[in-house]
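Inspection log for the structure reproduced underneath, given as structure tokens.
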Amino acid sequence: MEKLDFTGTWRFNHQRSLLEIPPPDSTIFVIDHRDPTFRLERTHTTGGVIDRMQIELKAGEGACTQMHGDVEICARLYWEGDALVCESVLKRGAEQGTNVVRYQLSDHGRTLLADETLKLGSHSHQNLWVFDRQ
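Straight run, no breaks: the sequence shown in this note's numbering ends on number 134.
This is the structure in structure tokens:
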């Protein structure tokens, strides 16, 4: 099966997304994907506050660890059919949890779906982020 290419600039679509968390005012994903390498730069803006994160992973290889604020992220990436799955273990102080995001393309590559499940301490949520290709 031919692997999909997620490369592009993607803008958050508020209307089509289904979030269990308060939505950011805007989110932009910039993805550079040359299988097996997947590089994601994410920028959330909420109330004028900008939160940027970037991560680079290689599908099928070991996990990488990095910090984002006070959260340690240990992430790995793998293919599951036509979905590229990013599975992370999160640590913040004594709390530990997981975040799993399944990336898929739809609408002939014009739409990026990011199906996210987060469980951290007593908090958990399920989000379906929908992004339009720019």
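We put the CB at the ideal spot given by N, CA and C, even for glycine.
Per-residue DSSP class, three states only, for residue i
{"i": "G97", "result": "strand"}
{"i": "H44", "result": "strand"}
{"i": "G109", "result": "helix"}
{"i": "L4", "result": "coil"}
{"i": "H68", "result": "strand"}
{"i": "H14", "result": "coil"}
{"i": "L19", "result": "coil"}
{"i": "S122", "result": "coil"}
{"i": "D115", "result": "strand"}
{"i": "Q134", "result": "coil"}
C-alpha gap between residue i and residue j, whole angstroms
{"i": "Q96", "j": "K119", "result": "9 angstroms"}
{"i": "K91", "j": "V71", "result": "6 angstroms"}
{"i": "L40", "j": "F29", "result": "7 angstroms"}
{"i": "W10", "j": "S122", "result": "31 angstroms"}
{"i": "G93", "j": "H68", "result": "13 angstroms"}
{"i": "S88", "j": "H33", "result": "19 angstroms"}
{"i": "L57", "j": "G81", "result": "18 angstroms"}
{"i": "L19", "j": "F131", "result": "13 angstroms"}
{"i": "N99", "j": "G47", "result": "24 angstroms"}
{"i": "I31", "j": "V49", "result": "22 angstroms"}
{"i": "M1", "j": "F12", "result": "For M1, the predicted model reports a pLDDT of 46, less than 50, meaning its position is unreliable and no value from the coordinates is stated."}
{"i": "V85", "j": "F6", "result": "12 angstroms"}
Inter-residue CB distance, residue i and residue j (contact presumed, cutoff 8 angstroms)
{"i": "S26", "j": "W129", "result": "No, S26 and W129 are not in contact; Cβ-Cβ is about 12 angstroms, not under 8 angstroms."}
{"i": "L4", "j": "F38", "result": "Rounded, the Cβ-Cβ distance is 11 angstroms, inconsistent with contact."}
Close-in-space but distant-in-sequence residues of the same chain around residue i (CB under 8 angstroms, 5 per side omitted)
{"i": "H14", "result": "P23"}
{"i": "G60", "result": "P36, L77, Y78 and W79"}
{"i": "T45", "result": "P24, D25, S26, T27 and D51"}
Own chain, CB closer than 6 angstroms to residue i, minus 5 neighbours either side, in chain order
{"i": "A83", "result": "R102 and Q104"}
{"i": "T65", "result": "C74"}
{"i": "M53", "result": "R42 and H68"}
{"i": "I21", "result": "H125"}
{"i": "E116", "result": "V101 and N127"}
Close beta carbons around residue i, own chain, < 7 angstroms, minus the five adjacent residues each side
{"i": "S106", "result": "L113"}
Nearest to residue i (by Cα), restricted to the options the options
{"i": "A63", "options": "I55, L19 and D70", "result": "I55"}
{"i": "G109", "options": "Q134, V85 and T117", "result": "Q134"}
{"i": "G8", "options": "T111, N127, V49 and D115", "result": "T111"}
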